[in-house]
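Colleague: My questions will all concern the structure given below.
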Amino acid sequence: MIRLNNFGVLSLVGLLCAGLVACGGNDGPAAPAADTSDGTSVTEAAAPAQPVVVYSSRAEQLIQPIFTAFTEETGIAVEYITDSAQPLIERIKAEADTTPASVLLTVDAGVLWYAAEQGILQPMASDIVSAAVPQQYRDPDGLWTGLSLRARTIVYDTRKVSADELVGYADLADSRWAGKLCLRTSKKVYNQSLVATMIASMGEEKTEEIVRGWVANLAQPEFSNDTKLIEAIEDGRCQVGIVNSYYFGRLQRDNELSAALFWQPAELGGVHVNVSGAGITANAPNVAGATALLEWLAGPAGQELFAGLNLEFPVLGDVPNDPIVAAWGEFAASEQPLIDAGRLQADAVKLMARAGYN
Amino acid sequence: MNPWRLAAPVIALVMAMPLCVVFGSVFVPTGETWTHLATYVLPAVTRNTVWLVLVVAVGTLLVGTLSAWLTAVVEFPGRGFFVWAMMLPLAVPGYVFAFALAGVFGYSGPASDLWRTVTGQPLPQWGGGAASASCLILGLYPYVYLLARQAFLTQGRQSLEVAQSLGLTRLAGFWRVALPLARPWLAAGVALVIMETLADFGTVKVFNFDTFTTAIYAAWFGLFSLPAALQLSAVLLLAVAAAVVLERFWRGASRFSAQNGSAPQRRLQPSVSQRWLAFGFCALVFALAFVIPVGQLLLWALAHAEVEWMPRYWGYARSSLILASAAALLVTSLALLLGFADRHAPARTTRISVIVATLGYALPGTVLAVGFFAVIAGLGHALSAAVEWLSPGAAGVTLTGTLLVMLLAYAARFLAVAYSPITSGFERITPTLDEAARGLGASGWRILRRVHWPLLSGGTATAALLVFVDVMKELPITLITRPFGWDTLATRIFQLTTEGEWERAALPALAVVIAGLAPVLWLQRQDTTG
C-alpha cells in the first residue's frame, strides 16, 4: 500500500540519522533529578555531595516531591529510576557490584521480604530509624524498614448495611453475605498479603475455609482494581468489599459517597496493614547518603510528605494525617509483624488458587 | 563462502540472548511450584489462552481482510479517508485501549447510561474473556489490515479479470482468486496478532482474564519464582516455534509473485446500497476501535489536564520520538538484512536463524526485558574482568544503561514485526526477475535499486511504521533499559497507572496516540497508489 519515492526514503533516513546524532550529543532530554515539575533546576545546583541513586517501584509522582524537599534540606541530590518491583530486583542482582543503586524503594512487605531473601539488601546501621519505626513494620535484621502504611479494610454500602452488622474479614465468609460480597482479584499483592497474615494468625486450614466462604459469597466476578469495586458498591451491585483506604479517599475527594469504611476491631486482630518501604542495597555505592535519606524519610518532615501524597498512614504515630484520612477516625492496626506477610505470600497465592479465588 | 550465510546467524545470536535465559531456566528445579501450577493454574489458563488466540485470530482476520479488501479494491464513499483511518488504532497502546473501552461500556460509563435511559435496563456486561477478545480484535486488526492491503494492491487486476472472464462473480473472485493469492500476507499478519495476543498482559489484566501470560507473572510476582516463570515462558515459546514451523511447511513451496504490481488499479464499482454497506462497516470499526476510546481519553485528559500537564511532557515526547525513530531504523534494517540473507543463502541455518531471531515477539515483555538485561549485564562484567586483567586499575565497562543496548533490546522484541511485511515483499521478487535484469546487463546494486527496491519499499515502510508505533507504546524494555533521564510518554503512563490513576494517565496516552499518528499521516502522503 505504501510506496516511497526516492525523496521520501532519503528524507526518512536523513531525519532518523539527524535524530540519532542529536541525541548522541547529550545524556538525555530530561534528567529527573535535576527537574522539578515546574521545570526549574533545584536539585543539581544545591548538591555538592555524591548523589543517592534510588530504584523505586513507588510511582514517580509519589516520590519526586519528597526527594526535592530532601535535597533542599540536606544538599544531597537524589537520582531515581522507576519500574515494577520484580524487574528492579532482577536488575540489582544482574548489576551486582556495579549497581548504581544505593536504595531500593518499594511497595508491599512481600516484595521487601523477597528482596532481603535474594541477598540484595544490607543491614541499616541507624538508631534513628529503629527508634522511629515500630518493630512490626521493620525487618528483624534491619534489612528494610516500612515508611508508610496502607490499610486494607472493609467498605460497605451505608444504604443497605449498618456498621453493627459488620464484624471483620473472616465474618465476610458467613453465608448471610451470600451474593453481597465483592473482592478484587487475588493476583493483586494487597490481597495476597492480607491472606498471608491470616495464615500467620489462624493457620492454613482455617484460612482456606474462610477464603472458600468469600468465593461462595461473591456477587460478581473478581474486580481488576479497588476503584471499580467501590463504584460497584455505589451502584448497588455489591454491599460489602475489601479495599485499600486511599482508593476510597481519592474517590471521596471528588464525590459524595454512600459507601463508608469499617475497621476490624482490635479484639479480632485489628486492621490489616501493608507497608511501602525501603532498604539499602548490598553493593550500595553511597551508604552514607542512603542512610541519611532513609532517616529523613522516617523523620517528621519526610513522614508527612510520604504518607500525605497518597492519603496513606505514616509509620510514625504522631505525624498529622491528611484531613480526609483523619475524618475516617481512629483504628487499631494489626500488630502482626509484616515479615510474616512476605514469608507466607507464596503460600497465600497457592491457597487462593486452590480455593478458586481468581 | 557466501557472506549472506553469516548474516542471519549473527543477527539471531544477538536476538537470542533473552531466549538463552528462558531456556536455561529448565535446569533449575522448581518441583513444588510446578506441581501447584500444573494442578491448579495451567489447565484453566491453557484453555483460556487457546480460546482467546483462536477468537482473536479469526476476528482480526475477518475485520482486517474485509477492510483491506474494501479500501484497496472497492469504490465507496469515504474510501480515501478509511485507507489511512483504519490503521489508526495501532497508535493506541493495548493497556490504554482496554481501559478506555472498559470506561465507556462499563457499568458507570456513558454507554451504560445511554442504554439505561433508552431501555430502562442496565447494559449487559460481558465476561472477562469476551471483553478481552473484543478489545484485542479491535486493537490488533490493523496488523492484518496493513499486510492484506499490501497483498491486494500488489496482486494486480489481471487475476481478478481472468476470474471474471471465466464467469466467476465478484464475490467468487474474491474467495477463489484474491484471497488465496494473499495467503502469505494474511498468514504473516495473523502470526503477528497471535504472538501479540500471547504476550499481552495489559488487556487481560484490565478484564481479569487469566491466560498463560498472567500465569507467568503470577508465578514470578506472586509465588516469587522467576525460574518457574521462565519455564512457563519456555513452554510458550516452544509452542510458538512449532506453530511457525508448521506454517512454513503448510505454505510449502508455493510462490506468490506479482503479476503486474505497478499496473494502475481499476476499482470495482458496486451498487449504491453495497457502497453504503461498505461505508457502514468501515465506519463502525473505526468508531469502535478509535473514535470512542480516543474520545473517552480526550474527555479524561481535559478533566485532569490541570493536575497532570507540565513542561516535562516535551521531554517525554522527545525521548519517545527519538527512541521510536531510531528503533524503527535499526529494526527495519536488520529485518531487510534477514530478508536478503534468506533470499541469497536459503540454507537451513538461515531459516532456523530467522525463526530464532523473531521469536521474542511472543514473549511477555517483562520476561524478555529482564532476560536481555541479565545477559548484557553479564557481558559487561566479563568485559570488565578482561579489561582489569589486561590493564589493572582501568575503569570498568558498563554496557547497561546505554542507548545502544536499549535499541538492541527493542530489536529483540520487534524484529518479527518488521520481518513479516518485508518477507512478504520478497515473495514478490521471482528468480526470473533477477535473471531478466541480469540479461539486460544490470549489476547487483542496480538490480537492488531499480528492481528489488520498488517491490520492497511498500513492505519496508509498513515495517518501519509498525516498529515505530510499537516502540512508542512499549513499556517493560523501556523501563528496565532506559538511561537516567530517558523517561518517555509510555513510562509516564506507567507511573500513573501503577497507582490506579487511569483517568489521569489519559493525557500521556493521548500524547502517545498523537505522536503515533505523525508517521501514519506522513506515510499516507507517500502512498501514491492509495
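Residue numbers (my numbering), protein chains in the order written: chain A, 15 to 372; chain B, 204 to 733.
C-beta atoms are modelled at their ideal positions from N, C-alpha and C, and glycine is treated no differently.
Report yes or no: is there a C-beta of chain B within less than 7 Å of the C-beta of Val329(A)?
Modeller: On the first sequence, residue 329(A) is found 315 positions in, with the first residue counted as 1. So, not an interface residue.
Colleague: Report buried or exposed for Ala341(A), applying the criterion of at least 16 other Cβ atoms within 10 angstroms of its Cβ.
Modeller: Working through the first sequence from its first residue, we reach residue 341(A) at position 327. By the neighbour-count rule (16 or more Cβ atoms within 10 Å), Ala341(A) is not buried but exposed.
Colleague: Under a three-way DSSP split, which group does Arg631(B) fall into?
Modeller: Here residue 631(B) refers to the residue found at position 428 of the second sequence. Residue state, collapsed to three classes: coil.
Colleague: Name the residue from Ser270(B), Val259(B), Ala260(B) whose alpha carbon lies nearest to the alpha carbon of Gly483(B).
Modeller: For the purposes of this step, residue 483(B) is identified with residue 280 of the second sequence, where counting begins at 1. The shortest Cα separation from Gly483(B) among Ser270(B), Val259(B), Ala260(B) belongs to Ser270(B).
Colleague: What residues in its chain sit with their C-beta under 7 Å from that of Asp673(B), if we drop five residues either side in the sequence?
Modeller: Your numbering for residue 673(B) matches position 470 in the second sequence. Within the same chain, Asp673(B) has close Cβ partners Phe617, Val620.
Colleague: Give the interface partners of Trp423(B) over in chain A, defined as CB-CB distance under 7 Å, in chain order.
Modeller: The sequence position of residue 423(B) within the second sequence is 220, counting from 1. The answer, in chain order, is Gln100.
Colleague: Could you tell me the distance, in whole angstroms, from the CA atom of Gly39(A) to the CA atom of Ala612(B)?
Modeller: Stepping through the first sequence from its first residue, residue 39(A) is reached at position 25. Stepping through the second sequence from its first residue, residue 612(B) is reached at position 409. For Gly39(A), the predicted model reports a pLDDT of 34, less than 50, meaning its position is unreliable and no value from the coordinates is stated.
Colleague: Our contact map puts Leu135(A) next to Gly316(A) with C-beta atoms below 8 Å; I'd like the distance itself, whole angstroms only.
Modeller: The residue you call residue 135(A) lines up with position 121 of the first sequence. The residue you call residue 316(A) lines up with position 302 of the first sequence. Not quite, the Cβ-Cβ distance comes to about 20 Å (not below 8 Å), so this is no contact.
Colleague: Just how far apart, CA to CA, sit Ala247(B) and Val66(A)?
Modeller: Your numbering for residue 247(B) matches position 44 in the second sequence. Your numbering for residue 66(A) matches position 52 in the first sequence. Cα-Cα distance, rounded: 46 Å.
Colleague: State yes or no: is the beta carbon of Thr268(B) nearer than 7 Å to at least one beta carbon in chain A?
Modeller: On the second sequence, position 65 is the one that residue 268(B) refers to. With 7 Å as the cut-off, Thr268(B) does not count as an interface residue toward chain A.
Colleague: Where DSSP assigns a beta bridge to Tyr170(A), which residues make up the other side?
Modeller: Your numbering for residue 170(A) matches position 156 in the first sequence. Val254(A), Ala274(A).
Colleague: Count Cβ pairs between the stretch 282-293 of chain A and the stretch 160-171 of chain A that sit closer than 8 Å; are there 3 or more?
Modeller: As far as the Cβ criterion goes, the stretch 282-293 of chain A touches the stretch 160-171 of chain A, which means the pair count is three or higher.
Colleague: Taking Cβ-Cβ distances shorter than 8 Å, what residues in chain A pair up with His584(B)?
Modeller: As a first step, residue 584(B) must be located in the second sequence, where it is residue number 381. Here the neighbours are Ala110, Thr112.
Colleague: Output the distance between the C-alpha atoms of Arg368(A) and Leu426(B), rounded to the nearest integer angstrom.
Modeller: Residue 368(A) sits at position 354 when you count from the first residue of the first sequence. Residue 426(B) sits at position 223 when you count from the first residue of the second sequence. For Arg368(A) and Leu426(B), the distance between alpha carbons rounds to 14 Å.
Colleague: Given this structure, state the Cα-to-Cα distance separating Pro595(B) from Asn297(A), to the nearest angstrom.
Modeller: As a working mapping, residue 595(B) is identified with position 392 in the second sequence. As a working mapping, residue 297(A) is identified with position 283 in the first sequence. Pro595(B) and Asn297(A): Cα-Cα distance of roughly 21 Å.
Colleague: Sort Arg173(A), Asp240(A), Glu218(A) by Cα distance to Tyr261(A) and report the nearest one.
Modeller: By 1-based counting over the first sequence, the position of residue 261(A) is 247. Checking every option, the nearest Cα to that of Tyr261(A) belongs to Asp240(A).
Colleague: How big is the Cα-Cα spacing for Val347(B) and Val261(B)?
Modeller: Your numbering for residue 347(B) matches position 144 in the second sequence. Your numbering for residue 261(B) matches position 58 in the second sequence. If I take the Cα positions, the gap works out to 11 Å.
Colleague: I'd like to know whether the C-beta of Arg368(A) is nearer than 7 Å to at least one C-beta of chain B.
Modeller: Translated into positions along the first sequence, residue 368(A) becomes position 354. Judged by the 7 Å Cβ criterion, Arg368(A) is in contact with chain B.
Colleague: Whose Cβ in chain B lies nearer than 8 Å to the Cβ of Leu14(A)?
Modeller: Nothing can be reported for residue 14(A): it is not among the residues displayed for chain A, which extend from 15 to 372.
Colleague: If the cut-off is 9 Å on Cβ atoms, which residues from the stretch 671-690 of chain B count as contacting chain A, listed in chain order?
Modeller: Flagged, chain order: Pro679, Leu682, Ile683, Arg685, Pro686, Phe687, Gly688, Trp689, Asp690.
Colleague: Here's a check: name, in chain order, each residue in its chain whose Cβ is nearer than 6 Å to the Cβ of Val363(A), leaving out the five neighbours to either side.
Modeller: Against the first sequence, residue 363(A) aligns to sequence position 349. Around Val363(A): Gln206.
Colleague: In chain order, what residues of the same chain lie with their CB nearer than 6 Å to the CB of Thr626(B), ignoring the 5 residues before and after it?
Modeller: Residue mapping note: residue 626(B) aligns to position 423 of the second sequence, counting from 1. Answer for Thr626(B): Gly542, listed in chain order.
Colleague: Quick check on the DSSP output: the beta strand (DSSP E) that includes His159(B) runs from which residue to which?
Modeller: Only positions 204 to 733 of chain B appear in the structure, and residue 159(B) is not among them; the question remains open.
Colleague: So with Cβ pairs under 7 Å, would you call Thr82(A) a contact of chain B?
Modeller: Indexing the first sequence from 1 puts residue 82(A) at position 68. No, Thr82(A) does not count as interfacial toward chain B.
Colleague: I'd like to check one pair, Glu236(A) with Asn205(B): are the Cβ atoms closer than 7 Å?
Modeller: By one-based count along the second sequence, residue 205(B) stands at place 2. By one-based count along the first sequence, residue 236(A) stands at place 222. No, the Cβ-Cβ distance between Asn205(B) and Glu236(A) is not below 7 Å.
Colleague: Is Ser522(B) near Trp725(B), with beta carbons less than 7 Å apart?
Modeller: As a working mapping, residue 522(B) is identified with position 319 in the second sequence. As a working mapping, residue 725(B) is identified with position 522 in the second sequence. No, the pair does not count as a contact, with Cβ atoms beyond the cut-off.
Colleague: Give the DSSP-derived three-state secondary structure of Asp136(A) in the structure shown.
Modeller: Against the first sequence, residue 136(A) aligns to sequence position 122. The sequence given here places Gln at residue 136(A); Asp does not occur at that position. Gln136(A): strand per DSSP, three-state reduction.
Colleague: For Ser70(A), report the span of its alpha helix (DSSP H) as first-last.
Modeller: Taking the first residue of the first sequence as position 1, residue 70(A) is located at position 56. That residue, Ser70(A), is in no alpha helix (DSSP H); its beta strand (DSSP E) goes 66-70.
Colleague: Look at Leu118(A) and Tyr151(A) and say whether their C-beta atoms are less than 7 Å apart.
Modeller: The residue you call residue 118(A) lines up with position 104 of the first sequence. The residue you call residue 151(A) lines up with position 137 of the first sequence. No; because the gap between Cβ atoms is not below 7 Å, this pair is not in contact.
Colleague: Using the three-state DSSP reduction, which class does Asn300(A) fall into: helix, strand or coil?
Modeller: Position 286 of the first sequence holds residue 300(A). Residue state, collapsed to three classes: coil.
Colleague: Run the CB neighbour count on Asn231(A), radius 10 Å, all protein chains shown included, and call it buried at 16 or more, exposed below.
Modeller: Indexing the first sequence from 1 puts residue 231(A) at position 217. It counts as buried.
Colleague: Based on the DSSP output, what are the partners of Thr328(A) in its beta bridges?
Modeller: Position 314 of the first sequence, counted from the start, is the residue given in the question as residue 328(A). According to the sequence provided, residue 328(A) is Pro. The question's Thr does not apply to it. Answer by DSSP bridge pairing, in chain order: Ser162(A).
Colleague: With three or more beta-carbon pairs closer than 8 Å as the criterion, would you say the stretch 217-233 of chain B touches the stretch 247-258 of chain A?
Modeller: No: the two stretches stay apart, fewer than three of their Cβ pairs being nearer than 8 Å.
Colleague: Here's the rule I'm using: 16 or more other beta-carbon atoms within 10 Å means buried, otherwise exposed. How should Glu278(B) be labelled?
Modeller: As a first step, residue 278(B) must be located in the second sequence, where it is residue number 75. Burial call: exposed.
Colleague: Measure the C-alpha to C-alpha separation of Asn335(A) and Gly322(A) and round it to an integer number of angstroms.
Modeller: If you number the first sequence from 1, residue 335(A) lands on position 321. If you number the first sequence from 1, residue 322(A) lands on position 308. Rounded to the nearest angstrom, the two C-alpha atoms are 7 Å apart.
Colleague: Short of 6 Å in beta carbon distance, which residues of its chain neighbour Glu756(B), apart from the five on each side in sequence? Order them along the chain.
Modeller: The structure shown does not extend to residue 756(B), since chain B is modelled only from 204 through 733, so no value can be given for it.
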